[in-house]
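Residue numbers (this note's numbering): 6 to 635.
1. On the DSSP letters alone, give me the boundaries of the beta strand (DSSP E) that residue 516 sits inside.
2. Would the segment 328-348 count as touching the segment 70-77 if we require 3 or more Cβ pairs under 8 Å?
3. Do you know how far the Cα of residue 510 is from the Cα of residue 633?
4. Return helix, strand or coil for residue 156, following the three-state DSSP convention.
5. Do residue 76 and residue 333 have their CB atoms nearer than 7 Å?
6. May I ask whether a heavy atom of the ligand GTP can be found less than 6 Å away from the beta carbon of residue 135?
7. Closest to residue 155 by C-alpha separation, out of 197, 324, 180 and 518, would be which residue?
8. Going by beta-carbon coordinates alone, are residue 265 and residue 230 separated by less than 7 Å?
9. If we ignore side chains and look at the alpha-carbon of each, how far apart do residue 296 and residue 186 end up?
10. Any contact of the segment 282-296 with the segment 250-263, i.e. 3+ C-beta pairs under 8 Å?
11. Using alpha carbons as the reference points, say which of 585, 614 and 363 lies closest to residue 601.
12. Enumerate in chain order the residues of its own chain whose CB-to-CB distance from residue 171 is below 8 Å, with the five nearest sequence positions on each side excluded.
13. Nearest to residue 525 by alpha carbon, out of 547, 234 and 160?
14. Leaving out five residues on either side along the sequence, give the residues of the same chain with a beta carbon under 8 Å from the beta carbon of residue 251.
15. What number of angstroms, rounded off, separates the C-alpha of residue 521 from the C-alpha of residue 573?
16. Given residue 491, which residues of its chain have a CB within under 6 Å of its CB, disregarding the five upstream and five downstream residues?
17. Hey, quick one: how far does the beta strand (DSSP E) through residue 289 stretch, first residue to last?
18. Taking all protein chains shown into account, decide if residue 554 is buried (16 or more other Cβ within 10 angstroms of its Cβ) or exposed.
19. In the DSSP assignment, find the alpha helix (DSSP H) that holds residue 422 and state where it starts and stops.
20. Return the CA-CA distance between residue 326 and residue 68, expressed in angstroms with no decimal places.
21. May I ask you to report which of helix, strand or coil DSSP gives residue 619?
22. Can you find the residues in the same chain that come closer than 6 Å, C-beta to C-beta, to residue 606, ignoring five residues on each side of it along the sequence?
23. Determine, using beta carbons only, whether residue 597 and residue 563 come nearer to each other than 7 Å.
24. Count the other CB atoms, across all protein chains shown, that sit within 10 Å of the CB of residue 374; report buried if there are 16 or more and exposed otherwise.
25. Leaving out five residues on either side along the sequence, give the residues of the same chain with a beta carbon under 7 Å from the beta carbon of residue 209.
26. With a CB to CB cut of under 7 Å and the five nearest residues on each side skipped, what residues in its chain are close to residue 529?
27. For the beta strand (DSSP E) containing residue 252, list its first residue and its last residue.
28. Sort out for me which residues DSSP pairs residue 549 with in a bridge.
29. Report the option in 608, 464 and 129 whose CA atom is closest to the CA atom of residue 501.
30. What does the alpha-carbon distance come out to for the pair residue 184 and residue 475?
31. Give me the residue from 611, 292, 242 and 497 with the minimum Cα distance to residue 262.
32. Keeping to the same chain, check which residues put their C-beta closer than 6 Å to that of residue 488; ignore five residues upstream and five downstream.
33. By the three-class DSSP mapping on this structure, what secondary structure does residue 74 have?
34. Would a C-beta distance cut-off of 7 Å place residue 107 and residue 80 closer than the cut-off?
35. Beta-carbon within less than 8 Å of residue 604's beta-carbon, same chain only, minus the 5 sequence neighbours each way: which residues are those?
36. Let me know if residue 425 comes out buried or exposed under the rule of 16 or more other beta-carbons within 10 Å of its beta-carbon.
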């Protein structure tokens, strides 16, 4: 409990807080030494296969810590076999040390920093069953994260994406430095919990990243805390994140709640409380500011202002135990106080390309909801049931398939989706018709902007206001010369008259010669980025091209369907919007069409060819003959 507020002037408090924050920032310049984890692996039981079983609706906070001693051996095994990444600042390094401390063969073998100030207070438990060699901690890449809250999500995505094939579980933790007094992170108009139409990356972009990688588990963390943070910003941020995690049924590690409750379960508040605190001959006694903001407990840090966990061991050890509790539940463990849900069969709905045209590929698409029981692995079996003539289904073990009809009439297909225990079979009938004469892609007016690259390298005469970076010449261009993009540094910054922002209608055409084909599975390749109004890129997860268009704050995604092409061949990609529908063409053939309304999103970000600035994606190949018309 806080004492009665002591008299103090606002100026004194302001200067005091400023000095405390300068001390916090200075402490973050000190490198944290991370010892290697013990190498001896534990004996496995073979009872539970390592897999992401539970991907949502798990909360671990200070009330969960007694569960640590209850984790069954088979779920310790399953958890340690998961490949996990967490990205953080120096407090994350302390948590990493705590995970290492748990992994030693026994308590006697642990270094002294694992049990400060003594073994009883440190709450240390160690054993080979807590081997965490598959769990990777990384400090933020300084080239991606600039210590501002709005760079957290893009930095996390950029740093983790190249490692996705080696990961099952991934996360990052916001630092107390992002929730200092005065932070705009909880601003109701521009903060982290607002879905921005601009390039600011917020919690909804993190959620979209989670949905794009449905085979991974994403953990949401509350922020770390310090003795002086406790602040209004940290309290509001963590409360809003709790609400978001609960309503969205996320995997949620409430680090702020754990660190702001002492080992007896009592809450701790910031050091502006008028209570004297003495340690190692030093004393702080800041005036009471009249607010009780949750802050890290003195039992977990020896810092008067900061919140590092290494000086006392209990905080890092308790956080390490919390990580194990969460990972065991992700692996399928349900504590005794929870009732495991009953497995339900997957639910399936089917759609098909409309209209389905003779002698053209028709896509059958499955929309599936599953409870991830008994695992998150589903199998798919498509079958041709009836039709004017048998057809071949491409990749019938995938959720989305194609067939090419050679006769008109009704075709019926079935899809069986199984979770290994229960299965659902659903059918769809597709009416194939003869195509009308195919008109060329529409144009509705004179060209308002054009670029042909015929005056490379300086673009003078074609686009005097364009800026080219690291661009070379492709002498075999579609239209005379073309721009050759190296996939690493090449880009062209276009002037405002190339922007689709605020347009009511538009037709955009670009000739493309990718240096890769549809077997590319690792790297996104961006053709054009016009802020959030339009992004056109190759998406390796679907092995197709995607146009992402934002109209009046609504996002539309148009994909080419099972497209194949030869590397280093020219193709025209065209995106059309007439105020009623969006259509994506490849070589004059319609591949995707969506009903749409509204104006293209207003966005001040420059328009780029061959470049996406947020994640530093580029394009490998050649581009030519960009045109934009109303």
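No residue lacks a Cβ here, since even glycine has one placed at the ideal position from N, Cα and C. The structure displayed is predicted, hence computed values, not measured ones.
Concretely, from the data shown:
1. 511-519
2. yes
3. 11 Å
4. helix
5. In this structure, residue 333 lies closer than 7 Å to residue 76 by Cβ.
6. Among the components of this structure there are no ligands whatsoever, and the ligand GTP is therefore not found.
7. 197
8. yes
9. So the two alpha carbons sit approximately 13 Å from each other.
10. no
11. 585
12. Closer than 8 Å at Cβ, skipping near neighbours: 88.
13. 547
14. 64 and 257
15. 7 Å
16. none
17. Residue 289 -> beta strand (DSSP E) spans 287-289.
18. buried
19. First-last for residue 422: 414-423, but that is the beta strand (DSSP E), not the alpha helix (DSSP H).
20. 12 Å
21. Residue 619: coil per DSSP, three-state reduction.
22. 202, 537, 538 and 555
23. yes
24. Flag for residue 374 reads exposed.
25. 200
26. 542, 543, 544, 545 and 622
27. That residue, residue 252, is in no beta strand (DSSP E); its alpha helix (DSSP H) goes 237-252.
28. 544
29. Comparing Cα positions, the closest option is 608.
30. Linking residue 184 to residue 475 through their CA atoms gives a straight-line distance of about 39 Å.
31. Comparing Cα positions, the closest option is 242.
32. Answer for residue 488: 458, 476 and 628, listed in chain order.
33. helix
34. Cβ distance not < 7 Å, so residue 107 and residue 80 don't count as in contact.
35. 507, 508, 509, 556 and 557
36. exposed
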